[in-house]
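To keep things clear, I will list the structure first and then write my remarks on it.
Numbering (my numbering), first residue to last: 43 to 185.
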């Protein structure tokens, strides 16, 4: 089974490493203006061409913050993540489709936490902004 990062889970007990390199020289604190970042995402060619653009805002060894802007009607293919993650609706409305057949609607201020390995996809009901938080626990989920 492929994971969100395109990696294949390893053997039981194997320590998971972040699929992305660390952000060099990060400051001990980072203050991010989500509205400004979302506006910038909507000026990128990916927004116009594909209906979606994203930016990694914080990149540490075992932690990521990713801001995604999606146009209404855009649906992202089903995937799973080997890390724990949350999706926070910053603006708009997003429907998350879970592998069990459940749908969850996210509106501004709502946060959905997903366990590692849970297959899901999402679609934008309105032009939306989603803040993803990804955290690696250091151990791969058993499959």
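By construction, the Cβ of each residue, glycine as well, lies at the ideal position given by its N, Cα and C atoms.
| Asked | Found |
| --- | --- |
| Per-residue burial, residue 54 [other beta carbons within 10 Å of its own, 16 or more giving buried] | With a pLDDT of only 43 at residue 54, under the threshold of 50, the placement of this residue in the model should not be trusted, and no figure is reported. |
| Proximity winner among 167, 170, 142 and 125, relative to residue 155 (alpha-carbon distances) | 125 |
| Check whether residue 119 and residue 147 have beta carbons under 8 Å apart | no |
| Within 8 Å, strictly: CB atoms of residue 168 and residue 135 | yes |
| Nearest residue (CA-CA) to residue 83, options 99, 143 and 142 | 99 |
| Alpha carbon of residue 95 to alpha carbon of residue 74, nearest angstrom | 17 Å |
| Given residue 130 as reference, the closest of 108, 160 and 114 once Cα atoms are compared | 108 |
| Per-residue DSSP class, three states only, for residue 94 | strand |
| Whole-angstrom distance between residue 111 and residue 85, CA atom to CA atom | 10 Å |
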